[in-house]
Amino acid sequence: MAVLLIVALLGAAGLLAQGDLAAMARTRAQARSIQALAQARAALIGYAVSYAESHPGEAYGFLPCPDASNSGSTPIGACGARDLGSLGRLPFRTLGLADLRDGWGQCLWYAVAGSVKHNPKPLALNWDSPGQLRPLTQAGAPLSGDDRVVAAVFAPGPPLPHQ
Numbered sequence: 013m014a015v016l017l018i019v020a021l022l023g024a025a026g027l028l029a030q031g032d033l034a035a036m037a038r039t040r041a042q043a044r045s046i047q048a049l050a051q052a053r054a055a056l057i058g059y060a061v062s063y064a065e066s067h068p069g070e071a072y073g074f075l076p077c078p079d080a081s082n083s084g085s086t087p088i089g090a091c092g093a094r095d096l097g098s099l100g101r102l103p104f105r106t107l108g109l110a111d112l113r114d115g116w117g118q119c120l121w122y123a124v125a126g127s128v129k130h131n132p133k134p135l136a137l138n139w140d141s142p143g144q145l146r147p148l149t150q151a152g153a154p155l156s157g158d159d160r161v162v163a164a165v166f167a168p169g170p171p172l173p174h175q
């Protein structure tokens, strides 16, 4: 009888702790995702700020094209038409990073506006060059008024139940 009682108590404790363990695992995965996104953001800013030094005769501010071949590098040719945005995986090798993954082991994704991408370059790039990406909330409302951004990095997170 005592053994049965101990087994029942351990089983109940395990069931109660399972929810806490799952929540802790989600929190750790989200923290890893936030860290990877912060590294990607810093690398993209550094790329834009140092573009003229690494590409003699060019201006500052250009961003790389997304990785379309899962190689970690930008494509050799153009990524879409001039002034049109492009979407793909984060080109971590081009940015001098390790293979960044979110907390669930998924590759980071990256979108860049055509107004700042380096191939093909826009006809003009200056402080007034418009962003073309508009961040939205989950409900579909603009995240930041009428402001538009020139690039976005995002982590896909865990697969949904039906995926």
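Each number in this note's numbering comes from the position in the sequence shown (counting from 1) with 12 added on.
Ideal placement from N, C-alpha and C gives every residue a C-beta, glycine not left out.
Can you tell me the Cβ-Cβ gap for residue i and residue j, rounded? I've got them flagged as a contact below 8 Å.
| i | j | result |
| --- | --- | --- |
| valine 102 | alanine 60 | Valine is not the amino acid found at residue 102; the sequence shown has leucine there. Actually they are not in contact, since the Cβ atoms of leucine 102 and alanine 60 sit about 14 Å apart, beyond 8 Å. |
| tyrosine 122 | valine 165 | 5 Å |
| alanine 163 | leucine 56 | 6 Å |
| alanine 48 | leucine 112 | 4 Å |
| alanine 41 | glycine 115 | 3 Å |
Classify residue i as helix, strand or coil using the three-state DSSP reduction.
| i | result |
| --- | --- |
| glycine 58 | helix |
| tyrosine 122 | strand |
| alanine 43 | helix |
| aspartate 159 | coil |
| serine 98 | strand |
| arginine 38 | helix |
| alanine 164 | strand |
| leucine 22 | helix |
| arginine 113 | strand |
| aspartate 32 | helix |
| leucine 137 | coil |
Measure the CB-CB distance between residue i and residue j and report whether it falls below 8 Å.
| i | j | result |
| --- | --- | --- |
| glycine 108 | proline 78 | no |
| glycine 73 | leucine 135 | no |
| lysine 133 | cysteine 91 | no |
| leucine 178 | alanine 167 | A query on residue 178 cannot be resolved here, the shown segment of the chain reaching from 13 to 175 and no further. |
| phenylalanine 104 | glycine 84 | yes |
Between the alpha carbons of residue i and residue j, how many angstroms are there, rounded?
| i | j | result |
| --- | --- | --- |
| aspartate 159 | leucine 145 | 9 Å |
| glycine 169 | proline 147 | 18 Å |
| alanine 43 | leucine 172 | 19 Å |
| methionine 13 | threonine 39 | 39 Å |
| alanine 50 | alanine 110 | 13 Å |
| tyrosine 63 | glutamate 70 | 7 Å |
| asparagine 131 | proline 76 | 8 Å |
| leucine 155 | threonine 86 | 29 Å |
| glycine 143 | alanine 125 | 6 Å |
| glycine 89 | serine 45 | 30 Å |
Taking the alpha helix (DSSP H) that residue i belongs to, which residues open and close that run?
| i | result |
| --- | --- |
| alanine 64 | 63-66 |
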